[in-house]
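Chemist: Here's a structure for you.
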Amino acid sequence: MTDQTLIILGASGDLTARLLLPGLGALLKAGHVPGLSLIGAAVDEGWDDERWRQRVRESAGVDPGGRWIRADVTRAEDLRTVIAAAAGPPAVFFALPPAVTARACTALLDVDLPEGTRLVLEKPFGTSSGSASDLNRLLARLVPESRVHRVDHFLGKSTVLNILGLRFANRIFEPLLNNTHVAAVDIVFDEALGLENRAGYYDHAGALADMIQSHLLQILGLLAMEAPISLEAGEFRDRKADVLRATRLWTPDPAECSRRARYTAGSSFISYADEPGVDPSRQTETLAELVLAVDTWRWSGVPFRLRSGKAIGSSRKEAVITFRKPPRVPDGLTGCDQPDRLRIGFGPDTLALDFNINGPGDPFELDPVSLQAEFGAGELPPYGEVLRGVFDDDPTLSIRADVAEQCWRIVEPVTSAWRAGKVPLLEYAAGSRGPADSLLAG
Ligand code: NDP
13 MTDQTLIILG ASGDLTARLL LPGLGALLKA GHVPGLSLIG AAVDEGWDDE RWRQRVRESA
73 GVDPGGRWIR ADVTRAEDLR TVIAAAAGPP AVFFALPPAV TARACTALLD VDLPEGTRLV
133 LEKPFGTSSG SASDLNRLLA RLVPESRVHR VDHFLGKSTV LNILGLRFAN RIFEPLLNNT
193 HVAAVDIVFD EALGLENRAG YYDHAGALAD MIQSHLLQIL GLLAMEAPIS LEAGEFRDRK
253 ADVLRATRLW TPDPAECSRR ARYTAGSSFI SYADEPGVDP SRQTETLAEL VLAVDTWRWS
313 GVPFRLRSGK AIGSSRKEAV ITFRKPPRVP DGLTGCDQPD RLRIGFGPDT LALDFNINGP
373 GDPFELDPVS LQAEFGAGEL PPYGEVLRGV FDDDPTLSIR ADVAEQCWRI VEPVTSAWRA
433 GKVPLLEYAA GSRGPADSLL AG
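Quick note on our numbering: the sequence shown kicks off at 13 and runs consecutively.
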């Protein structure tokens, strides 16, 4: 591999310190990207080479050296200086507020980018299918689509990728994963954490855009896709795109198939509406639920229920495939009340198969049991995995342009209905299990 340059625009920010540099550090420690040149850039005058290197040492746990360039990335002349400092074609990571990213991309139109430059963009990618499409058109004028990496770090999580191994490298489950045998699929990402001082970002995003439109739809894509011929980027991303193109709301009425809610004071949390930086009149939801249909031969008629909430008492991060009841249980066998379930846990990373079997005592009385396994940890943290794809010029784990637009298309009827006040904003106490009127109840 030739020497690589990583340019981080927005290098003094939270994402760089908390996620990007630790991921880079793991990648470097594992021996990937030897000879990396690292360039950090932002506007603040309080940064220089020494402060940047210290940030890298602290966050990445390694010292690859590095250079700081003060730059307003919305100005073409500043971007020219940053790009010229790269040893070869750089990977440019936009760790910037989304509006600044869009302006930086526009400014890049006036910069000669070296052949082979890769552009790495964070979520949220646009705020609607229209704005995502505008941004896609702009990026297409800068570099080929294969060199655009739209990051969804959930696709760098080893458990999420293990869905592929579980489904397509085993004979046992895949034949059952269809509308003949599956009653429902739930993808839930409930976290105990609250706002964590991120009002500036979150109050404009909310749970639907922050989690469901991005991460959870990607998990749906992996759970519902047909088997790709290979994990080569074209094959894999085509199969994921097929399934997301076929995904829509369960019914045309968003009031029936979506829920939104906001936490009130509870546990150790103050009410979301009272958090510093929050504008309560925005009606930002901290919990969102959607029921979707994947309208393919395989999945037609099976509801996919997606939910994510903050400040939930018991954090629950899993995909659960609930199977239909057996067609008939012989008279005389009792206790077979629970449907079989396959659960894929996303932290802790586990796999569980729940089913009914003879328990102790009466051999005709069935009890639920659970076969459990743990997924081994991945070699790299999610951002390490994402960056490896960037350095290897392999866009397999990045979101393709059309898919970024599809994921907005799927949620847009809901965002419009919410904005128009057609779906009430429910409340739940922080630390509780969420609103009583949940679409996932039962
Ligand atoms: P921050 O607000 O913490 O950091 C933003 C960075 O952008 C700062 O370094 C800031 O530098 C820089 N910046 C702003 N304007 C300019 C400009 N005109 N020229 C150069 N630099 C500029 O944001 P985050 O790090 O939290 O988020 C960055 C991106 O990552 C966003 O798109 C966000 O949605 C995404 N993201 C963040 C996550 C997180 O956990 N933080 C998780 C997932 C995605 P300065 O201080 O000098 O202005």
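C-beta atoms are modelled at their ideal positions from N, C-alpha and C, and glycine is treated no differently.
If you count every other CB in all the chains shown that lies within 10 Å of the CB of F185, and 16 or more means buried, which is it?
Modeler: Locating residue 185 in the sequence shown gives position 173, where the first residue counts as 1. By the neighbour-count rule (16 or more Cβ atoms within 10 Å), F185 is not buried but exposed.
Chemist: Just to check, is the beta-carbon of E62 closer than 6 Å to a non-hydrogen atom of the ligand NDP?
Modeler: Here residue 62 refers to the residue found at position 50 when the sequence shown is read from its first residue. The answer is no for E62.
Chemist: Could you tell me which uninterrupted alpha helix (DSSP H) segments, each at least 4 residues in length, are contained entirely in the region 352 to 427, listed from first to last along the chain?
Modeler: Taking only runs of at least 4 residues, the alpha helix (DSSP H) segments lying wholly in the region 352 to 427 are 394 to 403.
Chemist: Hey, R272 and E297: beta-carbon distance below 7 Å or not?
Modeler: Here residue 272 refers to the residue found at position 260 of the sequence shown. Here residue 297 refers to the residue found at position 285 of the sequence shown. Result yes, Cβ atoms of R272 and E297 sit closer than 7 Å.
Chemist: Do you know how far the Cα of W309 is from the Cα of H193?
Modeler: Sequence index remark: in the sequence shown, residue 193 carries index 181 (1-based). Sequence index remark: in the sequence shown, residue 309 carries index 297 (1-based). Taking the straight line joining both Cα atoms gives about 13 Å.
Chemist: Classify D164: buried if its beta carbon has 16 or more other beta carbons within 10 angstroms, exposed otherwise.
Modeler: Within the sequence shown, the letter at position 152 stands for residue 164. D164 is buried by the Cβ-count criterion.
Chemist: Tell me, please, which residues DSSP counts as bridged to G22.
Modeler: Looking up residue 22 in the sequence shown gives position 10. Answer is none; G22 lacks a bridge partner.
Chemist: K337 by DSSP, collapsed to three states: which one?
Modeler: Here the question's residue 337 lines up with position 325 in the sequence shown. Looking at K337 - three-state DSSP - the assignment turns out to be coil, as it is neither helix nor strand.
Chemist: Can you give me the C-alpha to C-alpha distance between L133 and L32, rounded to a whole angstrom?
Modeler: As a first step, residue 133 is located in the sequence shown; it is residue number 121 there, counting from the start. As a first step, residue 32 is located in the sequence shown; it is residue number 20 there, counting from the start. Near 12 Å, if we compare the C-alpha coordinates of L32 and L133.
Chemist: To the nearest angstrom, report how far apart A29 and V314 are at their CA atoms.
Modeler: Position 17 of the sequence shown holds residue 29. Position 302 of the sequence shown holds residue 314. C-alpha separation (whole angstroms): 41 Å.
Chemist: Once you ignore the five residues that flank Q225 on each side, which residues in its own chain have a CB closer than 8 Å to its CB?
Modeler: Within the sequence shown, numbered from 1, the residue matching residue 225 stands at position 213. These residues qualify, in order along the chain: P136, C419, W420, I422, V423.
Chemist: Between which residues of its own chain and R476 is the CB-CB distance below 7 Å, once the five residues before and five after are set aside?
Modeler: With the chain covering 13 to 454 only, the question about residue 476 has no answer from this structure.
Chemist: Compute the beta-carbon to beta-carbon distance between I20 and A99, rounded to the nearest angstrom, for a pair I have assumed lies under 8 Å.
Modeler: Counting from one through the sequence shown, the residue named residue 20 turns up at place 8. Counting from one through the sequence shown, the residue named residue 99 turns up at place 87. That pair is no contact at about 15 Å.
Chemist: In chain order, what residues of the same chain lie with their CB nearer than 7 Å to the CB of E330, ignoring the 5 residues before and after it?
Modeler: Sequence index remark: in the sequence shown, residue 330 carries index 318 (1-based). Closer than 7 Å at the Cβ level, and outside the excluded window around E330, lie V200, R355, I356, G357, F358.
Chemist: Thinking just about the alpha-carbon of each residue, which of D286, L173, A144, S293 is nearest to the one in R162?
Modeler: The sequence position of residue 162 within the sequence shown is 150, counting from 1. The residue with the shortest Cα to Cα distance from R162 is A144.
Chemist: Determine which residues share a DSSP beta bridge with I199 and list them.
Modeler: The count along the sequence shown starts at 1 and reaches residue 199 at position 187. Answer by DSSP bridge pairing, in chain order: L318, A331.
Chemist: What's the gap between the Cα of L50 and the Cα of P101?
Modeler: For the purposes of this step, residue 50 is identified with residue 38 of the sequence shown, where counting begins at 1. For the purposes of this step, residue 101 is identified with residue 89 of the sequence shown, where counting begins at 1. One C-alpha to the other measures close to 13 Å.
Chemist: Are there 16 or more other CB atoms within 10 angstroms of the CB of K337, so buried, or fewer, so exposed?
Modeler: Along the sequence shown, read from residue 1 onward, the residue named residue 337 stands at position 325. K337 comes out exposed.
Chemist: Determine whether the beta carbon atoms of E268 and R251 lie at a separation below 7 Å.
Modeler: By 1-based counting over the sequence shown, the position of residue 268 is 256. By 1-based counting over the sequence shown, the position of residue 251 is 239. No; because the gap between Cβ atoms is not below 7 Å, this pair is not in contact.
Chemist: Thinking just about the alpha-carbon of each residue, which of L188, L220, T346 is nearest to the one in V197?
Modeler: Position 185 of the sequence shown holds residue 197. Among L188, L220, T346, the Cα nearest to that of V197 belongs to L188.
Chemist: Between P393 and the ligand NDP, is there a pair consisting of the residue's CB and a ligand heavy atom that are separated by less than 6 Å?
Modeler: To locate residue 393, count along the sequence shown from 1; it is residue 381. P393: no, Cβ never under 6 Å from the ligand NDP.
Chemist: Where do the ends of the beta strand (DSSP E) carrying R272 lie?
Modeler: Along the sequence shown, read from residue 1 onward, the residue named residue 272 stands at position 260. Element bounds for R272: 270 to 276.
Chemist: Got a sec? Which residues, its chain only, sit under 7 Å from A432 by beta carbon, not counting five neighbours each side?
Modeler: The residue labelled residue 432 in the question sits at position 420 within the sequence shown. Result list for A432: empty, nothing under 7 Å.
Chemist: So for L234, helix, strand or coil by DSSP?
Modeler: Reading the sequence shown from its first residue, position 222 is the one you call residue 234. DSSP places L234 in helix when its eight states are reduced to three.
Chemist: Is V290 near D202, with beta carbons less than 7 Å apart?
Modeler: Numbered from 1 along the sequence shown, position 278 holds the residue referred to as residue 290. Numbered from 1 along the sequence shown, position 190 holds the residue referred to as residue 202. Not in contact: V290 and D202 (Cβ atoms no closer than 7 Å).
Chemist: Excluding the five sequence neighbours on either side, which residues of its own chain have a C-beta within less than 6 Å of the C-beta of P292, listed in chain order?
Modeler: As a first step, residue 292 is located in the sequence shown; it is residue number 280 there, counting from the start. Around P292: A285.
Chemist: Between L167 and the rest of its own chain, which residues show a CB-CB distance below 6 Å, the 5 nearest in sequence each way excluded?
Modeler: Indexing the sequence shown from 1 puts residue 167 at position 155. Q230, L409.
Chemist: My assumption, with CB atoms under 8 Å, is that Y440 sits in contact with L256. Please give the rounded CB distance.
Modeler: Residue mapping note: residue 440 aligns to position 428 of the sequence shown, counting from 1. Residue mapping note: residue 256 aligns to position 244 of the sequence shown, counting from 1. Actually they are not in contact, since the Cβ atoms of Y440 and L256 sit about 29 Å apart, beyond 8 Å.
Chemist: Where does W64 sit, in a helix, a strand or coil, going by DSSP?
Modeler: Locating residue 64 in the sequence shown gives position 52, counting from the first residue. Helix.
Chemist: My understanding is that L150 touches T118, with C-beta atoms under 8 Å, so please give their C-beta distance in whole angstroms.
Modeler: Walking along the sequence shown from the start, residue 150 turns up at place 138. Walking along the sequence shown from the start, residue 118 turns up at place 106. With a Cβ gap of about 7 Å, L150 and T118 count as contacting.
Chemist: On the premise that G321 lies in contact with G443, defined as a C-beta separation below 8 Å, what is that separation, rounded to the nearest angstrom?
Modeler: Position 431 of the sequence shown, counted from the first residue, corresponds to residue 443. Position 309 of the sequence shown, counted from the first residue, corresponds to residue 321. With a Cβ gap of about 12 Å, G443 and G321 do not count as contacting.
Chemist: Tell me whether A103 sits in a helix, a strand or coil according to DSSP, three-state version.
Modeler: Residue numbering aside, residue 103 sits at position 91 when the sequence shown is read from its first letter. If DSSP states are grouped into helix, strand and coil, A103 belongs with the strands.
Chemist: Leaving out five residues before and five after D56 in sequence, what residues of the same chain have Cβ atoms less than 7 Å from its Cβ?
Modeler: Position 44 of the sequence shown, counted from the first residue, corresponds to residue 56. Counting only Cβ-Cβ distances below 7 Å, and skipping sequence neighbours, we find S24.
Chemist: Tell me the rounded alpha-carbon separation between V435 and D414.
Modeler: Here residue 435 is taken as the residue at index 423 of the sequence shown, counted from 1. Here residue 414 is taken as the residue at index 402 of the sequence shown, counted from 1. One C-alpha to the other measures close to 29 Å.
Chemist: Between which residues of its own chain and L48 is the CB-CB distance below 6 Å, once the five residues before and five after are set aside?
Modeler: Taking the first residue of the sequence shown as position 1, residue 48 is located at position 36. Cβ neighbours of L48 beyond the five flanking positions: Q16, P76.
Chemist: Does G37 come out as helix, strand or coil in the three-state DSSP assignment?
Modeler: Sequence index remark: in the sequence shown, residue 37 carries index 25 (1-based). Helix, per DSSP.
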